[in-house]
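Trainee: First to last, the protein sequences are chains A and B. Residue numbers for the first sequence follow our numbering, so the first one is 95 and each next one is one higher. Residue numbers for the second sequence follow our numbering, so the first one is 75 and each next one is one higher.
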Amino acid sequence: MQLRGICGRRSCTRLGLAAATLALLGSGDAEAADRAPVAVETAVLGYSEPSRVQVLEGVISARSEIREGRVLHGRLVFDVLTGASANGAVPSRSVQTFTRPSGESRYQVAPGDTPLDDGFSDRRFAADLGYDLPLDRCTQLSVGAQGSVETDYLSLGIHASLSRDFFERNTTLGLGVSVNRDRVSPLGGIPTPFAPLPTTTRPRSEDDEGGGLNKTVIDLSAGITQVLGRNTLLRVNYAFDHASGYMTDPYNVISVVAAPSSVAPGTVSDTLHESRPDSRTQHAIYTELKRALGANVADLSYRYAANDWGVHSQTVELRYRQYFGPTFYLQPHGRYYHQTAAGFYSRFLIDASPLPQNASADYRLAEMETSTAGLEVGHELSNGRWMSFAVEYYRQFGIGGPQAAFGALEGLDLYPEVSALTARVGFSGEW
Amino acid sequence: MSGSAQPAVRLERSGDHWVGRFRAMASPCEILASGVGPAGARRAVELAMAEAWRIERKFSRYRDDNIIHEINHSEGHAVEVDDETARLIAFADQAHRMSEGAFDITAGVLRRVWNFDGSDRLPDRAEVASLLPLVGWHQVEWDPPILRLPKGMQIDLGGVGKEYAVDRVASLLDREHSGTFLVNFGGDMRACAPPAPGQEWEVGIESPHQEGTAVQRVSLSSGGIATSGDARRFLVRDGIRYGHILDPRSGWPVPDAPRSVTVAAGTCTEAGFLSTVAMLQGRGAKEFLREQQCPFWCLD
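Encoded structure:
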């Protein structure tokens, strides 16, 4: 029972209990109205990369057992993003001028600075809705739909999963599928791969609107959750995902620099739009071990993912929740992540060399390590209503690629570290 | 059915509803009736009392003329049980499985060495250990409707009988009478419907420190509430308080359990199961109940 709680399969436990009770009391009680409390979780989150992106996010999610075992759940997320983000170009010894994606205006970057597009601003609204229903005592079907909308991005999807308990509910097998169809409609239209960034501004025209391309993402997953003794739970999950369509970042650029053998090696001669493959296939394995130590819970997980872009990543995460009395807990956590660079990642292109099939200077596709440390504090305000506060510090380091600086690039920070601070206030309870 | 020698039902008016009181299952029992006149209320309370007494007679382990006595004195032989008994045992069987052995109707024999009278008389470890071979539902052969209890073992449906009676009475009243009812047998309650549309039954959870004092009022429109824990049944030795809920797997009370746990669920039977299993989590009771996503009140 304790394990049922820990592994979060409470709906199945409660369902098993409800079924056993129904068998005891007879069908005369079947129509007895249950109280259907609505469990609500809300959070406000602030994310800040100093002098770069700032995000303010509000989340509200709710779930309610509308009939025995049948749970309706939904979630709304609203984000406001502002600030600057790296556009992919290399820093330079001279002032660089870039035309904004909309084509209407330009911005300048000082010598030696990492080029950041400071006009970065968007709002994102996302929602998902799901319905879990039991097919029999041990089998549960879950179906749902999700969507998100930004100025230049629309994503719509559906998902379904099936889980079944075996061996007195000590083992749960699950299968899931999710399909998303996205529409990318960048400001200023879809740029031509490797087209030079315009050097002049132009007024916005009607032709700019409506230019968009699609992307389809299919996820398949299979998992097993196994109870190991009274206090331990193991979860292993395999996920396959395939994305196809427009995968390029329409706002990312890549610098072309003069060859080492040229008159001014390492100087920026041009700035091009990036280009990525139009499909990506990824396999991922996730394992998680959860152990209850009295009321306290330790959770260790490891994830390995590899995709055909050449990015292989590993994540290790440890989380521990310690209660100090029944109404107060501290939960420290730490995470380490490493990835290899995508095969087409390139910090810059060399002038007069043949263009590769694809190239991107997006630091998120570079080799990198990240580490995260955080602490959450939770306090029960009244019956089952909890308030939590969490802070997290995140740092990217060891960012790199195959190319070394030369000529005018020497001494410039081609792979700047990025750090971020996140703070979240959450509230959960039942009504 | 109730027998003419039994004292009559006491019926009182309380606000806009009627309260009928009687005793059954060693507990004060109350029926709150709304939307009925005094005659209807009296008939409903009499029906409730008759059903409570019927269940008590049939499943009490203190009698020598019922199915429990027959099972407990079967000396290892198979006993065929009736439908209602089979349903209760089937529930206990499921409850044992769902609670990973924490809920066990064979645990009653431990009371031979545990006497929770407020004293400091703890049983000897060896005494407890000697009884453990007689505890464990997994040792029982249960092939409905045939039950075979190993010799020396006993079953006690006290852990589910009262909650079952509350649910039975509530659905019986709901079916047989106009009006709406709250059934309360010693703190274990069930309502099939609110007292009036948009209203709620107001009930108090008793303080574990003092009988008869409600420390928390809760509102219930429909559903069940059950409480585990009893402030008056404990032992104290060397400053450690041993509550009366025993873990059938160790034979000892669970340390650091709350004094009482009250749970609300769809039925009284479910609430009773959850509150009992919660007590057996000791310090983890609240965490367990939170995971179950049911309203609860813990008194430490």
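Don't be surprised by glycine CBs; every beta carbon is placed ideally from N, CA and C.
If contact means a Cβ-Cβ distance below 8 angstroms, which residues of the segment 167–196 of chain B contact chain A?
Mentor: Flagged, chain order: Gln168, Ala169, Arg171, Met172, Ser173, Glu174 and Ala176.
Trainee: I need the straight-line Cα distance from Asp507(A) to Gln190(A), nearest angstrom please.
Mentor: Using only the alpha carbons, I get a separation of about 15 angstroms.
Trainee: Have a look at Gly140(A) and Val174(A) and give me their C-alpha separation to the nearest angstrom.
Mentor: Cα to Cα, the separation comes out at about 10 angstroms.
Trainee: In this structure, what does DSSP give as the bridge partners for Cys103(B)?
Mentor: BP columns for Cys103(B) point to Phe96(B) and Phe259(B).
Trainee: If we require 3 or more residues per run, which beta strand (DSSP E) segments fall completely within the segment 170–237 of chain B?
Mentor: Runs of the beta strand (DSSP E) inside the segment 170–237 of chain B: 215–217 and 220–222.
Trainee: Between which residues of its own chain and Cys266(B) is the CB-CB distance below 8 angstroms, once the five residues before and five after are set aside?
Mentor: Ala244, Ser245, Leu247, Asp248, Thr254, Phe255 and Ser296.
Trainee: Would Ala502(A) and Val311(A) be called neighbours here (beta carbons separated by less than 9 angstroms)?
Mentor: Not a contact, by the Cβ cut-off of 9 angstroms.
Trainee: Use the C-beta contact count for Glu250(B): other C-beta atoms within 10 angstroms, 16 or more gives buried, fewer gives exposed.
Mentor: It counts as exposed.
Trainee: What did DSSP end up calling Arg364(B) once you bin it into helix, strand or coil?
Mentor: DSSP places Arg364(B) in helix when its eight states are reduced to three.
Trainee: Taking the beta carbon of Trp92(B) as the centre, do at least 16 other beta carbons fall within 10 Å, making it buried, or is it exposed?
Mentor: The residue in question, Trp92(B), is buried, as its Cβ has 16 or more Cβ neighbours within 10 Å.
Trainee: How close, in whole Å, do the beta carbons of Trp211(B) and Leu320(B) come, if the pair is a contact with beta carbons under 8 angstroms?
Mentor: Incorrect: roughly 14 angstroms between the Cβ atoms, too far for contact.
Trainee: Could you please give the first and the last residue of the uninterrupted beta strand (DSSP E) stretch that includes Glu411(A)?
Mentor: Residues His406 to Tyr417.
Trainee: Could you check where the alpha helix (DSSP H) with Leu348(B) kicks off and where it finishes?
Mentor: Start and end: Cys342 to Met353.
Trainee: Below 8 angstroms, is the gap between the Cβ of His427(A) and the nearest heavy atom of the ligand PLP?
Mentor: By its list of ligands, the structure shown contains no ligand whatsoever, and the ligand PLP lies outside what it can speak to.
Trainee: Could you please tell me which residues of the segment 359–370 of chain B, in chain order, have their CB closer than 9 angstroms to any CB of chain A?
Mentor: Those residues of the segment 359–370 of chain B that come within reach of chain A (Cβ to Cβ, closer than 9 angstroms) are Ala359, Lys360, Glu361, Phe362, Leu363, Arg364, Glu365, Gln366, Gln367, Cys368, Pro369 and Phe370.
Trainee: Tell me the rounded alpha-carbon separation between Glu125(B) and Asp241(B).
Mentor: About 11 angstroms.
Trainee: Hey, which unbroken runs of the beta strand (DSSP E) at 3 residues or more fall wholly within the segment 231–256 of chain A?
Mentor: Those beta strand (DSSP E) runs which fall completely within the segment 231–256 of chain A and span 3+ residues are 233–244.
Trainee: What number of angstroms, rounded off, separates the C-alpha of Leu394(A) from the C-alpha of Val471(A)?
Mentor: Near 19 angstroms, if we compare the C-alpha coordinates of Val471(A) and Leu394(A).
Trainee: Rounded to whole angstroms, what's the CA-CA distance from Glu125(A) to Pro219(B)? Just pull it up for me.
Mentor: Unreliable positioning characterises Glu125(A) in this predicted model, as indicated by a pLDDT of 36, which lies under 50. A coordinate reading is not provided.
Trainee: Taking the straight line between their C-alpha atoms, what separation do you get for Gly182(A) and Val330(A)?
Mentor: One C-alpha to the other measures close to 37 angstroms.
Trainee: So, under 8 angstroms CB-CB, Gly163(A) and Leu227(A) are touching, yes? Tell me the CB distance rounded to an integer number of Å.
Mentor: Going by Cβ atoms, the distance from Gly163(A) to Leu227(A) rounds to 7 angstroms, so yes, they are a contact pair.
Trainee: Out of curiosity, what's the CA-to-CA distance linking Gly303(B) and Leu111(A)?
Mentor: Cα-Cα distance, rounded: 21 angstroms.
Trainee: Going by DSSP, what residue range makes up the beta strand (DSSP E) through Glu135(A)?
Mentor: It spans Val132 to Ser142 - the beta strand (DSSP E) in which Glu135(A) sits, taken as one unbroken run.
Trainee: What does a CB cutoff of less than 8 angstroms around Arg429(B) pick up in its chain, not counting 5 residues either side in sequence?
Mentor: Residue numbering for chain B in the displayed model covers 75 to 374; residue 429(B) lies beyond these limits and cannot be assessed.
Trainee: Give me whichever residues DSSP pairs with Ser513(A) in a beta bridge.
Mentor: Answer is Arg489(A).
Trainee: Between Arg169(A) and chain B, is any beta-carbon pair separated by less than 9 angstroms?
Mentor: False, the Cβ-Cβ gap to chain B never drops below 9 angstroms.
Trainee: So, under 8 angstroms CB-CB, Ala386(A) and Ala399(A) are touching, yes? Tell me the CB distance rounded to an integer number of Å.
Mentor: With a Cβ gap of about 28 angstroms, Ala386(A) and Ala399(A) do not count as contacting.
Trainee: Measuring alpha carbon to alpha carbon, tell me which of Ile493(A), Gly437(A), Gly495(A) and Phe483(A) ends up nearest Ala517(A).
Mentor: Checked all of Ile493(A), Gly437(A), Gly495(A) and Phe483(A); the closest Cα to Ala517(A) is Phe483(A).
Trainee: Could you check what DSSP says for Ile245(B) in three-state terms: helix, strand or coil?
Mentor: In the sequence on display, residue 245(B) carries Ser and not Ile. It is helical.
Trainee: How big is the Cα-Cα spacing for Phe133(B) and Glu144(B)?
Mentor: Whole-angstrom Cα-Cα distance: 11 angstroms.
Trainee: Whose C-alpha, out of Phe259(B), Val257(B) and Leu294(B), is nearest the C-alpha of Pro268(B)?
Mentor: Looking at the Cα atoms, Leu294(B) is the closest of the given residues.
Trainee: Rounded to whole angstroms, what's the CA-CA distance from Leu248(A) to Tyr340(A)? Just pull it up for me.
Mentor: The alpha-carbon atoms of Leu248(A) and Tyr340(A) are separated by roughly 13 angstroms.
Trainee: In chain order, what residues of the same chain lie with their CB nearer than 7 angstroms to the CB of Asn308(A), ignoring the 5 residues before and after it?
Mentor: Here the set comprises Arg275, Asp276, Arg277, Gly339 and Tyr340.
Trainee: Does DSSP put Asn146(B) in a helix, a strand or coil?
Mentor: DSSP places Asn146(B) in helix when its eight states are reduced to three.
Trainee: For Thr326(A), would you say it is in contact with chain B, using Cβ-to-Cβ distances shorter than 9 angstroms as the test?
Mentor: So, not an interface residue.
Trainee: In terms of alpha-carbon separation, which member of Val153(A), Pro292(A) and Glu135(A) lies closest to Phe521(A)?
Mentor: The shortest Cα separation from Phe521(A) among Val153(A), Pro292(A) and Glu135(A) belongs to Glu135(A).
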